[in-house]
Amino acid sequence: MQTFFQTLTTGLSDGAIFGSLALALVLIYKATEVINFAQGEMAMFTTYIAWALMGHGSTFHWWAFFATLGIAFGGGALLQQTVIRPLERASVLTAVMATIALLVILNGLAAWIWSPQLQFFPSPFPTSSWVVGGVHISKQDVGTFGVVMACVLVLWLFFRFTKLGLAMRAGALNPDAARLMGVRTSWLLALGWGFAAALGAVSGMMVAPTVFLTPNMMQAILIYAFAAAVLGGLESPVGAVVGGLGLGVLLNMLGQYVHPVTSELRLPVALGLLLVVLLIRPAGLFGRVVVRRV
Amino acid sequence: MGALLELSDVRARYGQVAALHGVSLTVEEGEVVSLLGANGAGKTTTLRSVSGTVRRTGDVVLAGKRLGRASPEAVARAGVAHVPEGRGIFAELTVWENLRMGAYTVRRPDFASVQSYFPWLQDRRNQQAGTLSGGEQQMLALARAFLSRPRLLMLDEPSLGLAPLVTREVFRVVSELNQKEGVAVLVVEQNAAVALAAAQRGYVLETGEIVLSGTADELKSNDAVRSAYLGY
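Order-wise, the sequence lines are chains S and F.
Using numbering that gives the first Met the number 0, you'd call the opening residue of the first sequence number 0 and step up by one each time.
Using numbering that gives the first Met the number 0, you'd call the opening residue of the second sequence number 0 and step up by one each time.
So this is what it looks like as structure tokens:
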């Protein structure tokens with residue numbers, strides 16, 4: 000039972016990271032139908048910026064965390080305006096190719112600026128654990144989960160209760176109608192990319208202490224995030240977060256209780272699961288099947 | 000003081016197909032003008048050439064200002080509320096959220112007067128807009144457009160898919176908004192009888208050109224209009 004709960008908390012912590020990156024993907028997908036393949040590298044790049052702000056040191060600074068969120072937000076918005084916006088009239092596939100180009104560019108740029116070597120990234124949380132009823136609960140796991148979920152909550156509050164958030168939702172649902180209401184949709188898309196980039200930066204900074212900082216650190220995580228987003232139905236922000244948490248817990252449980260599933264098998268299992276879900280429910284767990292009347 | 004809206008020699012095309020061959024019309028302050036014509040005559044394109052949702056040449060002047068290449072959002076902010084074909088309701092959002100979107104550019108939205116024109120909306124405020132009936136959606140689109148405090152309301156086929164009684168109710172509210180709030184209305188309709196009953200003036204479009212114009216009474220008694228659009 001103790002192992003179960005420990006596995007559960009680690010799973011939720013991993014899952015929060017998959018979920019936040021998945022949510023970032025969904026934010027952009029819902030607004031533009033573009034799958035942003037550069038999402039992981041954007042997160043990695045901003046994590047390097049955080050590391051530089053912290054003086055490449057071994058102590059975590061919250062001011063640097065928040066400064067990085069601001070930089071990520073600005074950078075995301077800038078990328079949208081300079082790279083994605085000019086492709087507005089092109090096909091979605093063109094924009095997707097552009098994000099793949101961004102992935103490669105950011106990856107190369109990070110290796111060039113900061114060298115491809117593994118770096119230590121400090122955690123804001125102590126490595127000790129709480130012991131509750133014989134269960135060791137890692138403070139890092141709880142902290143990671145808490146920070147990510149707090150960011151998701153802030154984002155949810157923004158979309159649910161502010162006028163700008165409402166306009167972004169309306170713009171994603173029906174951009175033409177939103178423009179007729181005076182909404183400057185192109186500007187809101189930049190805002191959406193900003194939020195996605197900031198959310199990605201959170202996941203990057205939270206995962207870096209455990210996986211170490213390298214230019215490739217987000218690549219596997221991005222694939223888990225894709226799996227989580229698709230599991231949730233790609234259109235559903237709640238689905239993305241739940242999908243991420245579920246995937247994190249499942250992978251940790253399998254690793255713990257099903258011995259053949261070693262760390263080498265984690266990625267194949269995640270994608271195998273993805274295929275099974277898609278075969279049974281093509282629209283994902285939280286997605287709606289779109290029926291078009293002709 | 001010139002007209003509120005003035006189109007001169009407006010031309011528009013969809014790819015190779017010309018939709019408007021030089022349309023000129025005016026809407027005066029506080030006036031209801033209807034634009035009649037068969038399917039494909041260019042009525043919708045005329046509205047879209049005002050709201051900036053189609054590329055056009057020729058001048059569109061709103062309250063003395065040329066709109067030039069203004070984007071749809073800029074035209075909306077200049078005081079034109081365009082209820083497009085199919086109403087442009089955000090089906091997945093609630094009624095209340097749709098109304099808030101209508102008031103997007105307004106600092107202090109007047110929800111109270113919307114309430115007085117559309118009292119039933121209050122009970123439905125948390126309902127998903129897509130689950131409203133067609134008539135209710137048209138009313139919601141009207142309420143939403145009115146919340147943006149437009150100087151000009153452009154309605155594209157408000158009667159589309161509605162029962163005659165509901166259509167009459169929609170036009171009653173349009174007339175009320177026009178008379179009490181002084182909003183000018185440019186309405187596109189296939190249902191010429193209802194449209195001419197509500198309007199002071201009208202234009203008839205045929206294959207992208209204005210072929211006839213006059214007061215509502217003149218049009219109602221015009222033989223060509225009677226046989227083509229009124230059916231008697």
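Virtual Cβ for every residue (Gly too), placed ideally from N, Cα, C.
Report yes if the CB atom of residue i is closer than 8 Å to the CB atom of residue j, and no otherwise.
i      : j      : result
G85/F  : G57/F  : no
A140/F : V82/F  : yes
L161/F : A142/F : no
G39/S  : L246/S : no
A166/S : V153/S : no
S147/F : A102/F : yes
F64/S  : M216/S : no
G181/F : G1/F   : no
A226/S : A239/S : no
V79/F  : L151/F : yes
S33/F  : G201/F : yes
S236/F : A197/F : Nothing about residue 236/F can be read from this structure; chain F reaches only from 0 to 231.
L230/S : G283/S : yes
S235/S : V151/S : no
T206/F : N190/F : no
L61/F  : L154/F : no
V172/F : Y116/F : yes
DSSP three-state call for residue i: helix, strand or coil?
i      : result
D58/F  : strand
R291/S : Low confidence applies here, because R291/S scores a pLDDT of 48, under 50, leaving its location unreliable; read the following figure in that light. Note: R291/S maps to coil in three-state DSSP.
Q236/F : There is simply no residue 236/F to check, as chain F begins at 0 and stops at 231 in what is shown.
D109/F : coil
E156/F : coil
R150/F : coil
G39/S  : helix
S19/S  : helix
Y116/F : helix
L11/S  : helix
R65/F  : strand
Q350/S : Because residue 350/S is not part of the residues shown, which for chain S are 0 to 293, the question remains open.
I83/S  : helix
A223/F : helix
A149/S : helix
Q121/F : helix
S50/F  : helix
What in chain S is Cβ-close to residue i, meaning under 7 Å?
i      : result
L72/F  : According to the sequence shown, residue 72/F is Glu rather than Leu. The contacting residues are R178, G181, V182 and R183.
E188/F : Neighbours of E188/F on chain S: none; closest Cβ ~19 Å, over 7 Å.
E96/F  : L165
So residue i is in the alpha helix (DSSP H); what residue range does that whole segment cover?
i      : result
L278/S : R265 to I279
W61/S  : W61 to L78
A18/F  : Note, A18/F: premise wrong, no alpha helix (DSSP H); beta strand (DSSP E) at V16 to V26.
S220/F : A215 to S220
I99/S  : V91 to W113
Y256/S : P236 to Y256
E168/F : P163 to E180
D175/S : P174 to L179
L204/F : Unbroken run through L204/F is the beta strand (DSSP E), R200 to E205; no alpha helix (DSSP H).
Note down, in chain order, every chain F residue with its Cβ under 7 Å from the Cβ of residue i.
i      : result
N173/S : G87 and F89
A169/S : F89, L92 and M100
Which residues of chain F have a Cβ atom closer than 8 Å to the Cβ of residue i, listed in chain order?
i      : result
A166/S : M100 and Y103
K162/S : R99 and Y103
For a contact meaning CB atoms closer than 9 Å, what does residue i contact in chain S?
i      : result
S232/F : In the structure as shown, chain F starts at 0 and stops at 231, and residue 232/F therefore has no counterpart that could be examined.
E28/F  : Within chain S, no residue comes near E28/F; the closest Cβ sits about 21 Å away, beyond 9 Å.
T52/F  : D175, R178 and L179
A75/F  : R178, L179, M180, G181 and V182
P83/F  : D175, A176 and L179
E156/F : Within chain S, no residue comes near E156/F; the closest Cβ sits about 15 Å away, beyond 9 Å.
Between which two residues does the beta strand (DSSP E) containing residue i stretch?
i      : result
G36/F  : V31 to G36
I136/S : V134 to S137
V130/S : S128 to V131
Y13/F  : L4 to Y13
V210/S : Premise fails: V210/S lies in the alpha helix (DSSP H), T184 to V210, not in any beta strand (DSSP E).
A80/F  : V79 to V82
V186/F : A183 to E188
Residue i touches chain S at which residues, Cβ-Cβ below 8 Å?
i      : result
S147/F : M180 and G181
E5/F   : Per Cβ cutoff of 8 Å: no residues; E5/F is ~21 Å from chain S at best.
Is the stretch 103-122 of chain S touching the stretch 37-51 of chain S, taking contact as three or more C-beta pairs under 8 Å? yes
Say whether the stretch 62-72 of chain S touches the stretch 198-212 of chain S, bearing in mind that this needs 3 or more beta-carbon pairs closer than 8 Å, one atom from each stretch. yes
Does the count of Cβ pairs from the stretch 136-150 of chain S and the stretch 50-69 of chain F closer than 8 Å reach three? no
Is the stretch 119-136 of chain S close to the stretch 0-16 of chain S, with three or more CB pairs under 8 Å? yes
Tell me, please, whether the stretch 126-140 of chain F touches the stretch 204-221 of chain S by the rule of three or more beta-carbon pairs shorter than 8 Å. no
Can you confirm whether the stretch 255-273 of chain S touches the stretch 21-33 of chain S when touching is taken to mean that 3 or more C-beta pairs between the two stretches lie within less than 8 Å? Result no; under three Cβ-Cβ pairs closer than 8 Å.
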